[in-house]
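Below: one structure, written as structure tokens.
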Amino acid sequence: MPRLFVIILAAGLSQRLGMPKQLIHQHGISLISKTVQQAQALSPAAMLVVAPALNTVWAKQIYAELAGLYVTIIDNPQPSAGMAHSLKLAIHALANTACRRDDRVLILTIDQVAITIADLHALNQTADSHELMLSRYGKQPILGIPVNLPWGFVCDYAARLQGDKGLRALWQQPADLICSRCGANYRLTAVDLPHLAIDIDTMAQFDGLKQRFSLTLPVV
């Protein structure tokens, strides 16, 4: 039976926000801790959290939030290098855990404040080894994080990750889903989660969401 592994991307510098969004509190708990606790409801085989390995007060607070949460922390000493760099660090770490091609990898960020455990269960429904379970949201709409991918796809496509483009660039065109290396033909399954378009990138967004989602600023 395929196992589930979780990667939480939490190394961002929140430059547009001006403070670490990982430490924003929702209902009295930091967003990074909330994300870990929600993912734990799926009983994953392992959970990796990519965190900013910087000598700053707020980076140390992020590590303190993760203490005792039964996660493997992946140090990212270059968080400004973009999401792709964080993903590659986590993928490299998972490659040492004897993952099978049909194992699944759930990839999350920490700033989608409307996400629920039910959303994660919807993305974790039974899928075969060539099926990409993607969240669909936004006006366009987009197919993006959170995503649940077969480990085989992650291995086949990891080299294509670049900069801040992240995962969405991997499935923009139908031809992208045929692996040039092994010939595997992957399929997209979109899970409609329109509320996941809500995230926090700027202080204006925080101010507009703080009452609705019980958000408070971190003390750093």
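Anchor point for the sequence shown: position 72 equals 277 in the working numbering, and the numbering is continuous, going up by one each time. Don't be surprised by glycine CBs; every beta carbon is placed ideally from N, CA and C. This one's a predicted model, so the numbers in the text were calculated from it and none came from an experiment.
The Cβ atoms of Pro-351 and Leu-328 sit closer than 7 Å to each other. In terms of CA proximity to Leu-401, Arg-341 leads the group Leu-414, Arg-341, Gln-367, Met-408. Note that the C-beta distance between Leu-325 and Leu-247 is below 7 Å. Nearest to Gly-223 by C-alpha distance, out of Trp-263, Arg-309, Ile-237, Gly-413, is Trp-263.
Look at Val-318 here: in three-state DSSP terms it is coil, with no helix or strand label. Counting only residues of its own chain and dropping the five nearest sequence neighbours on each side, Ser-285 has a CB closer than 7 Å to the CB of Leu-218. Ile-383 counts as exposed, since fewer than 16 other C-beta atoms from the protein chains shown sit within 10 angstroms of its C-beta.
Within the segment 376 to 403, the runs of beta strand (DSSP E) at least 3 residues long that lie entirely inside it are, in chain order, 392 to 397.
With a threshold of 16 other beta carbon atoms within 10 Å, Tyr-362 meets it and is buried. When the alpha-carbon of Met-408 is set against those of Ile-229, Ala-289, Gly-368, the nearest one is in Ile-229. A straight line joining the alpha-carbon of Arg-306 with that of Pro-355 spans about 6 Å. Of all alpha-carbon atoms in Arg-309, Gly-349, Ile-322, Lys-344, the one lying nearest the alpha-carbon of Ala-332 is that of Arg-309. Residue state for Leu-218 is assigned as coil, using DSSP reduced to three classes. With a cutoff of 7 Å on beta-carbon distance, His-335 and Tyr-391 are scored as near each other. For Val-352, the enclosing beta strand (DSSP E) begins and ends at 347 to 355.
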